[in-house]
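Asker:
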Amino acid sequence: LDLSRFERLGRLVPDRKVNAGRRRKGLILSMWGFYSEEEPQTKLKLNKDEVSAAWWVDVTCLMSRNLEWWPVALHKVSFGRSLPPIIHNVLRSIGLDAVQVAAIRLPR
Numbered sequence: 369l370d371l372s373r374f375e376r377l378g379r380l381v382p383d384r385k386v387n388a389g390r391r392r393k394g395l396i397l398s399m400w401g402f403y404s405e406e407e408p409q410t411k412l413k414l415n416k417d418e419v420s421a422a423w424w425v426d427v428t429c430l431m432s433r434n435l436e437w438w439p440v441a442l443h444k445v446s447f448g449r450s451l452p453p454i455i456h457n458v459l460r461s462i463g464l465d466a467v468q469v470a471a472i473r474l475p476r
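When we follow the working numbering, the leftmost residue of the sequence shown carries the number 369, and every step to the right adds one.
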């Protein structure tokens, strides 16, 4: 990528390993921010040796006004490791079968 006309804001969040589908190796998700006051003259093209895919999102999409909340079933929530079945049973017994999750939907 030729980013010479962009200001590098830096890493947005730490890299995260994502196990997508049946890929055995998984994917590494890296999020970096770049800023430019002017529209690029040419479309940015990826160098496949450096980056396998990129997703460009206008910064206005990331504003807090776009934050949405929705329920997610407790059994679908990842706590970094699986919870013992007894914990799930206790949570269900007190009526907690879903949690509210906040996120911003990004354009495709």
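Idealized CB from N, CA, C, for every residue including glycine.
Bridge partners of E375, per DSSP?
Answerer: Taking the sequence shown and counting its residues from 1, the one referred to as residue 375 is at position 7. Paired residues: Y403.
Asker: I'd like the list of long-range same chain contacts for V425, defined as Cβ closer than 8 angstroms, with 5 residues on each side in sequence excluded.
Answerer: Stepping through the sequence shown from its first residue, residue 425 is reached at position 57. Cβ within range, chain order: L474 and P475.
Asker: Could you check what DSSP says for I462 in three-state terms: helix, strand or coil?
Answerer: In the sequence shown, the residue the question calls residue 462 occupies position 94. Here I462 sits in coil by DSSP.
Asker: Closest by CA to I472, which one among G401, E406 and N434?
Answerer: Taking the sequence shown and counting its residues from 1, one reaches residue 472 at position 104. The candidate whose alpha carbon is nearest that of I472 is N434.
Asker: Can you grab the Cα-Cα spacing for the pair V386 / S398, in whole Å?
Answerer: Start at 1 with the first residue of the sequence shown, and residue 386 comes out as number 18. Start at 1 with the first residue of the sequence shown, and residue 398 comes out as number 30. Using only the alpha carbons, I get a separation of about 10 angstroms.
Asker: So E418 is in the beta strand (DSSP E); what residue range does that whole segment cover?
Answerer: Taking the sequence shown and counting its residues from 1, one reaches residue 418 at position 50. Note, E418: premise wrong, no beta strand (DSSP E); not H, not E.
Asker: Which of the three DSSP states is assigned to R476 in this structure?
Answerer: As a first step, residue 476 must be located in the sequence shown, where it is residue number 108. Here R476 sits in coil by DSSP.
Asker: Determine the DSSP secondary structure at V425, reduced to helix, strand or coil.
Answerer: Translated into the one-based positions of the sequence shown, residue 425 becomes position 57. If DSSP states are grouped into helix, strand and coil, V425 belongs with coil.
Asker: Along the chain, where does the beta strand (DSSP E) containing L435 start, and where does it finish?
Answerer: Indexing the sequence shown from 1 puts residue 435 at position 67. That run of the beta strand (DSSP E) goes L435 to A441.
Asker: Select from D370, V469 and D465 the residue whose C-alpha is nearest the C-alpha of V419.
Answerer: Numbered from 1 along the sequence shown, position 51 holds the residue referred to as residue 419. The candidate whose alpha carbon is nearest that of V419 is D370.
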